[in-house]
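Note sheet for the following structure.
Numbering (full-length UniProt numbering), first residue to last: 1 to 196.
Spelled out as structure tokens, the structure:
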């Protein structure tokens, strides 16, 4: 009996030292009190996103209400609104209101290079996304490893009018976004965050 126990213990210890496939990381962490602050424009502009409550959508799904505070002195704009985030087994979607019936698909799992999906398709435009890289990215003096880079395009009547790049870090979420429209480029970088 001691020999059987010892053999099992050896196998368990040996397996413990083996590198297993890591569990998927949360690239869109949602919990009450999570908060992200971004600098944008001339870096005096701030966007703050904060998860403040768990709510039930009109379709019965549980969602996280995310309050967005837009403090954009460069545009003389101060605005507060909310979106509703639902995390499903295979995707993260955003609703514009509790009664919204057509969410935008923010992320589709598993995230992997080459994966693509349609974020939103409205009357006059379509936004599509492709995961193009898994890389480290330096944002506001901090290096985030294993970030998925997403390239997006918004097309209207078969013509791309806006393109963008986003980087999502494990355990953090979106750390940087670059939007390109004609010759104008706007960067939004994470400068502070709290994730529970």
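A virtual CB, placed ideally from N, CA and C, is assigned to each residue, including glycine.
Residue 157 versus residue 118 - alpha carbon distance: 16 Å
Sort 140, 75, 87 by Cα distance to residue 56 and report the nearest one. 87
Consult DSSP for residue 97 and reduce its assignment to one of helix, strand or coil. coil
Just reading off the beta strand (DSSP E) that residue 32 is part of, what are its end residues? Residue 32 -> no beta strand (DSSP E), and no H or E assigned at all.
Taking its Cβ as the centre, do 16 or more other Cβ atoms sit within 10 Å of residue 79, making it buried, or is it exposed? exposed
Please report how far the alpha carbon of residue 151 lies from the alpha carbon of residue 134, in whole angstroms. 12 Å
Bridge partner(s) assigned by DSSP for residue 66: 51, 83.
Could you work out which residue in 177, 163, 67 is closest to residue 169 when comparing CA atoms only? 177
Relative to the alpha-carbon of residue 74, which residue among 192, 186, 193 has its alpha-carbon at the smallest distance? 186
Which term fits residue 8, buried or exposed, when burial requires 16 or more other beta carbons within 10 angstroms of its beta carbon? Legend: pLDDT at residue 8 = 35, less than 50; position of this residue unreliable, value from coordinates given subsequently. Its Cβ having fewer than 16 others within 10 Å, residue 8 is exposed.
Quick check on DSSP: helix, strand or coil for residue 115? Coil.
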